[in-house]
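K.L.:
Numbering (this note's numbering), first residue to last: 5 to 131. Positions of the beta carbon are idealized from the N, C-alpha and C atoms, including for glycine. Only a predicted model underlies this, so the values are computations on that prediction, with no experimental measurement involved.
#1: Of the choices 66, 93, 97 and 86, whose alpha-carbon is the least far from that of residue 128?
#2: Please give the ranges of any alpha helix (DSSP H) in the region 29-114, keeping only runs that are unbroken, at least 4 residues long and fully inside the region.
#3: According to DSSP, is residue 126 part of a helix, a strand, or is it coil?
#4: For residue 93, is the classification buried or exposed, using 16 other Cβ atoms within 10 angstroms of its Cβ as the cut-off for buried?
#5: Helix, strand or coil: how does DSSP classify residue 25 here?
#6: Inspect the CB distances between the region 14-28 and the region 42-59 and report whether three or more fall short of 8 Å.
#7: Kindly indicate which three-state DSSP category residue 121 falls into: helix, strand or coil?
#8: Residues in its own chain within less than 8 Å of residue 88 by CB, not counting five upstream and five downstream?
#9: Taking Cβ to Cβ, would you say residue 19 is nearer than 8 Å to residue 49?
#10: Only counting the same chain, and skipping five residues up and downstream in sequence, which positions put a Cβ closer than 6 Å to that of residue 126?
In structure tokens, the structure reads:
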């Protein structure tokens with residue numbers, strides 16, 4: 005299916021309410037200023053029963069790495085396009101009103117010797 009609204013950069017898309025079967029978010033929610041605004045828009049455009057599929061990097065599970073991410077976030081956001089590595093994105097998805105159906109947490113490192121970066125991939129549904 006062709007999407008005529010590719011690249012829309014507004015907080016409110018041009019899509020009508022309850023018009024989409026699915027919304028996909030891939031490494032977006034770590035960098036937006038307000039996850040709630042973006043998730044509310046996804047909820048608005050999804051039809052009842054619609055799917056929100058997500059792949060995001062998230063706060064590390066361990067206390068030490070999580071604290072390091074807290075300390076790095078102000079600087080990291082400036083050098084990495086607004087990225088917040090310490091967000092609990094799955095909690096934000098739930099708070100926005102989605103029913104999270106599946107989440108798989110995993111980590112990988114971009115360079116040898118660098119700690120794994122936590123990621124999640126999952127699926128949520130609009131009630």
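P.N.:
So, from the data block:
#1: Sequence index remark: in the chain shown, residue 128 carries index 124 (1-based). Of the candidates 66, 93, 97 and 86, the residue whose Cα lies closest to the Cα of residue 128 is 97.
#2: Entirely contained in the region 29-114, the alpha helix (DSSP H) runs reaching 4 residues are, in chain order, 39-49, 67-83 and 93-99.
#3: Here residue 126 corresponds to residue number 122 of the chain shown, with the count starting at 1. Strand at residue 126.
#4: Taking the first residue of the chain shown as 1, we reach residue 93 at position 89. So residue 93 ends up on the buried side.
#5: Position 21 of the chain shown holds residue 25. Residue 25 falls in the strand class under three-state DSSP.
#6: The count of Cβ pairs closer than 8 Å, one atom from the region 14-28 and one from the region 42-59, reaches three, so the stretches are in contact.
#7: In the chain shown, residue 121 corresponds to position 117, counting from 1. If DSSP states are grouped into helix, strand and coil, residue 121 belongs with the strands.
#8: What you label residue 88 is simply residue 84 of the chain shown in a count that begins at 1. 34, 35, 77, 80 and 81.
#9: What you label residue 19 is simply residue 15 of the chain shown in a count that begins at 1. What you label residue 49 is simply residue 45 of the chain shown in a count that begins at 1. Their beta carbons are under 8 Å apart, which means residue 19 touches residue 49 by this criterion.
#10: For this step, residue 126 is matched to residue 122 along the chain shown. Shown here for residue 126: same chain residues with a beta carbon closer than 6 Å to its own, the five before and five after excluded, namely 58, 106 and 107 in chain order.
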